[in-house]
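**Student:**
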Amino acid sequence: MTVPLTVLSDDGPRFAGAVHPARWWRPAGDRILCELCPRACLLKDGDRGFCFVRQNFGGRMVLTTYGRSTGFCVDPIEKKPLNHFLPGTSVLSFGTAGCNLGCKFCQNWDISKSREIERLSDAASPEAIARAAQSLGCASVAFTYNDPVIWAEYAIDTAKACHAAGVRTVAVTAGYICPEARAEFFRHMDAANVDLKAFTEEFYYRLTLSHLEPVLDTLRWLKRETDVWFEITNLVIPRANDDPDELRRLCDWVLKNVGDDVPLHFTAFHPDYRLTDRERTPHETLIQAREIALRAGLKFVYVGNVNDVERQSTYCPSCKRLVIERNWHALGVYALDGDRCRYCGERIAGRFADGPGTWGRRRMRVDMRRYEQPASDQDPLAAAFAEASRILQRRRAGNERTTPQGARERPASAGNSTGAATPAGSTGRGRWPSGTAVSAGTAAPIATAATDGAASASWLSQNDGRAVLRAARAVIVEAVTGVTRTSPQALAQVPDRDVFGVFTSIKRRGRLR
Numbered sequence: 031m032t033v034p035l036t037v038l039s040d041d042g043p044r045f046a047g048a049v050h051p052a053r054w055w056r057p058a059g060d061r062i063l064c065e066l067c068p069r070a071c072l073l074k075d076g077d078r079g080f081c082f083v084r085q086n087f088g089g090r091m092v093l094t095t096y097g098r099s100t101g102f103c104v105d106p107i108e109k110k111p112l113n114h115f116l117p118g119t120s121v122l123s124f125g126t127a128g129c130n131l132g133c134k135f136c137q138n139w140d141i142s143k144s145r146e147i148e149r150l151s152d153a154a155s156p157e158a159i160a161r162a163a164q165s166l167g168c169a170s171v172a173f174t175y176n177d178p179v180i181w182a183e184y185a186i187d188t189a190k191a192c193h194a195a196g197v198r199t200v201a202v203t204a205g206y207i208c209p210e211a212r213a214e215f216f217r218h219m220d221a222a223n224v225d226l227k228a229f230t231e232e233f234y235y236r237l238t239l240s241h242l243e244p245v246l247d248t249l250r251w252l253k254r255e256t257d258v259w260f261e262i263t264n265l266v267i268p269r270a271n272d273d274p275d276e277l278r279r280l281c282d283w284v285l286k287n288v289g290d291d292v293p294l295h296f297t298a299f300h301p302d303y304r305l306t307d308r309e310r311t312p313h314e315t316l317i318q319a320r321e322i323a324l325r326a327g328l329k330f331v332y333v334g335n336v337n338d339v340e341r342q343s344t345y346c347p348s349c350k351r352l353v354i355e356r357n358w359h360a361l362g363v364y365a366l367d368g369d370r371c372r373y374c375g376e377r378i379a380g381r382f383a384d385g386p387g388t389w390g391r392r393r394m395r396v397d398m399r400r401y402e403q404p405a406s407d408q409d410p411l412a413a414a415f416a417e418a419s420r421i422l423q424r425r426r427a428g429n430e431r432t433t434p435q436g437a438r439e440r441p442a443s444a445g446n447s448t449g450a451a452t453p454a455g456s457t458g459r460g461r462w463p464s465g466t467a468v469s470a471g472t473a474a475p476i477a478t479a480a481t482d483g484a485a486s487a488s489w490l491s492q493n494d495g496r497a498v499l500r501a502a503r504a505v506i507v508e509a510v511t512g513v514t515r516t517s518p519q520a521l522a523q524v525p526d527r528d529v530f531g532v533f534t535s536i537k538r539r540g541r542l543r
C-alpha cells in the first residue's frame, strides 16, 4: 500500500494526508508511551496502539489517518443526536478509521474496527472541510462515525479552520481521554454528544475493554470546567445494561453531577458485530428508561432509533407544552423564541438560533474533491508534480512525449523542505496532486523540462538516475521519521537538472506498503 507523506515537523499543520506528527506522547526507554487516552499504550518502533491509527514511527508518534476519511455526509443535527443544539440545522459529518474502545456491540464496526487504511477513500484538508461546510450552508461540522479522540490532531486543525469560517464544531465521543489531551480537544468544540454506555464497571470491562470512571470524569469536567454544550446517549442493550436499578443509578448520577437540564437519550440496540446473541431493544424498554429518568428529576429525556414522535419531542419543563416536535429527525411544531418557551417564557437549556433550521431528514453524500485547494493556489512544487503527471499520462497514451511550451518546473530533488516525492499510486487529493503509478520492479523514464522552453525531452544517464532515486529515498525517510540523515554533500551528487518527478515504492520489513 502506498500513502501520501508529510514532513514531520513541529512548526504547524501541513496537510498531505495520512501520516502526520502526533501529540500527547513521551519517550519511555526504547519505546514511546501514548498519553492520549487511559489505555497508555507502550509502543516499540513500528507498533500501533490499540486504536490502530497511532504508531511509533522511528521513535516518534504519528497519526496515520490525518486528512483521510471513510466519507462525508450532510446530516440533520438531531441524528448525532443533539436535540438542543441549533435544532433543524444541517451538519457536515465525517469520521476516519479505528477506535480506542473495543465495544462488542459496535454499530459502526466496519469503520471503527477497520485496519484497512484503504477504506479511507475520501481525502480532505481541514480548510477544504471548512469551505465545504460554509458552501453547503451547514451550521456545524461533526467529528463522528468513529471516536474523534483518536484523531484529535486532525479534528482540532479542522475545528480551527471551521471557526475561522464561522462554522461550529461537534464531537460525538465516548469521552475516553486523558485530562491534558481532553482540555485541548474540547477547547475547540462547541458541542458534544458523550456516549455513557452503561453504569457498571463490569459492563465497560467485559463489553468495551475499557473502564467507566474516565468517562464519568469527562462528563463532570465538561459540566464544571467548560462552556461546551453536551448531551448524553445510552444505548440500551437487552440483558446487558437494561436493568431498571442500573438505569436508576445512572439517572441519579447524571442529576447529581451534571444537572437536570442535560438532555439524556436512550437509544435502541440492534444485533451487530460480536453481540448478535440477543434481540433488538424493545420499544417498551426505552419507554420505561425514559420514565425512570423523568421520575429521577431529569427535564429532557428522549428515545432514539425508533419512531416515537411523542418521546422524541421537547416539552417545556414549566408549562409542559410542546415546544419542539420531532418526527424522526424532521421538525414540526417549533414554539421557542430564542431559548424561551413561547407560552410561559421558561428558559430551555441549549444553544438555539432565532428560529429552527429547515434541513429535515435528508442525508446527502459530499464529494470533497470539489472543495480542495484550487491548482492555481498550490505551491510551485505541487504544481510541478501535477504537470508531470499530466505529461506522463499523455505519453502513456502515445499522444505526446514532450513538455508543454514554455514549461519550467521546480526540481523535485532531495533537500526540498516542503515535502517528499509522491509515492506511486497515491491519491494526491491533498498537498500532492495525483501521480501515475509505475509497476513494482520497473524503471520509469525521468523527463526534464527543456531550459529554453522548446518542446523537447531529455533523459538522465543511469548514474544520474540512481543519484536522483537515492535522494528521493532520503527525502521520504526524512519526511516519515522527521530525522535528518542526508548530508548536504550527499545531496550535492544529485544532477543539477530540473526533474519532473520520482516514482518509487515504499516497503517495510520487505512488504510493499
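Under my numbering, the very last position in the sequence shown is 543; numbers go up by exactly one each time.
Where a beta carbon is used, it is the ideal one built from N, C-alpha and C, also for glycine.
Here the structure is a predicted model, which means the values were calculated and not measured.
In three-state terms, what does DSSP make of V507?
**Tutor:** helix
**Student:** Could you tell me the alpha carbon to alpha carbon distance between E108 and M91, rounded to whole angstroms?
**Tutor:** 36 Å
**Student:** Kindly list the residues whose CB is nearer than 6 Å to the CB of R544, restricted to its own chain and excluding five residues on each side of it in sequence; keep chain order.
**Tutor:** The first residue shown for the chain is 31 and the last is 543, placing residue 544 beyond what the model contains.
**Student:** Quick check on the DSSP output: the beta strand (DSSP E) that includes R356 runs from which residue to which?
**Tutor:** L352 to N357
**Student:** Determine the direct distance from the alpha carbon of S343 to that of C371, and round the result to whole angstroms.
**Tutor:** 14 Å
**Student:** Work out the CA separation of A153 and T433 for me, nearest whole Å.
**Tutor:** With a pLDDT of 38 at T433, under the threshold of 50, the predicted position of this residue should be treated as unreliable, though the coordinate-derived value follows. Approximately 29 Å between the Cα atoms of the pair.
**Student:** Between D282 and A326, which are expected to be in contact by the criterion C-beta below 8 Å, what is the C-beta distance as a whole number of angstroms?
**Tutor:** 6 Å
**Student:** Assuming S155 and G97 make a contact with CB atoms under 8 Å, what is their CB distance in whole Å?
**Tutor:** 6 Å
**Student:** Can you grab the Cα-Cα spacing for the pair Q318 / V266, in whole Å?
**Tutor:** 11 Å
**Student:** For F80, which of helix, strand or coil comes out of DSSP?
**Tutor:** Reduced to three states, the DSSP call for F80 is coil.
**Student:** Got a sec? Which residues, its chain only, sit under 8 Å from H114 by beta carbon, not counting five neighbours each side?
**Tutor:** W259, E261, P293, F330, T344, I378, A379, G380, R381 and F382
**Student:** Could you check whether the Cβ of L277 sits closer than 9 Å to any Cβ belonging to chain B?
**Tutor:** Looking for chain B here will not work: only one protein chain is present.
**Student:** Reducing DSSP to helix, strand and coil, say where I207 ends up.
**Tutor:** coil
**Student:** Here's a check: name, in chain order, each residue in its chain whose Cβ is nearer than 8 Å to the Cβ of C374, leaving out the five neighbours to either side.
**Tutor:** C346, S348, C349 and R351
**Student:** Do the CB positions of A204 and S240 come within less than 9 Å of each other?
**Tutor:** yes
**Student:** How big is the Cα-Cα spacing for A270 and L280?
**Tutor:** 14 Å
**Student:** Kindly indicate the opening and closing residues of the beta strand (DSSP E) around C103.
**Tutor:** G101 to P106
**Student:** What does the alpha-carbon distance come out to for the pair C129 and C81?
**Tutor:** 5 Å
**Student:** In terms of alpha-carbon separation, which member of I322, D290, R500 and W389 lies closest to G167?
**Tutor:** W389
**Student:** Please list the terminal residues of the continuous alpha helix (DSSP H) segment that includes C192.
**Tutor:** A182 to A194
**Student:** Expressed to the nearest angstrom, what Euclidean distance is found between the alpha-carbon atoms of V507 and G88?
**Tutor:** 10 Å
**Student:** Residue range of the alpha helix (DSSP H) that P57 falls in?
**Tutor:** No alpha helix (DSSP H) contains P57, which is instead part of the beta strand (DSSP E) from W55 to A58.
**Student:** Would A58 be called buried (16 or more neighbouring beta carbons within 10 Å of its own) or exposed?
**Tutor:** The residue is exposed, with fewer than 16 neighbouring Cβ atoms inside 10 Å.
**Student:** Whose C-alpha, out of D272, L242, K253 and A228, is nearest the C-alpha of D291?
**Tutor:** Of the listed residues, the one whose Cα sits closest to D291 is K253.
**Student:** Can you tell me the Cα-Cα spacing of A189 and M219, whole angstroms?
**Tutor:** 7 Å
**Student:** With distances taken between CB atoms, is the gap from R392 to P106 smaller than 9 Å?
**Tutor:** yes
**Student:** Are there 16 or more other CB atoms within 10 angstroms of the CB of G368, so buried, or fewer, so exposed?
**Tutor:** exposed
**Student:** I'd like the span of the beta strand (DSSP E) that includes L294, first residue to last.
**Tutor:** L294 to A298
**Student:** Beta-carbon within less than 6 Å of I207's beta-carbon, same chain only, minus the 5 sequence neighbours each way: which residues are those?
**Tutor:** C67 and V179
**Student:** CA-CA distance, Q137 and Y235?
**Tutor:** 18 Å
**Student:** Taking F299 as the reference, which of R310, R217, G289 and A185 has the closest Cα?
**Tutor:** R310
**Student:** Alpha carbon to alpha carbon, how far is R496 from E255? Give it in angstroms, no decimals.
**Tutor:** 58 Å
**Student:** Just to confirm, does I267 get its C-beta within under 8 Å of one of the non-hydrogen atoms of the ligand MG?
**Tutor:** The ligand MG is absent from the structure shown, which contains no ligands of any kind.
**Student:** Please state whether the Cβ-Cβ distance between T100 and Y184 is less than 9 Å.
**Tutor:** no
**Student:** Which first and last residues belong to the alpha helix (DSSP H) in which R61 is found?
**Tutor:** Unbroken run through R61 is the beta strand (DSSP E), R61 to C64; no alpha helix (DSSP H).
**Student:** Do you know offhand how far V245's Cα is from R212's?
**Tutor:** 11 Å
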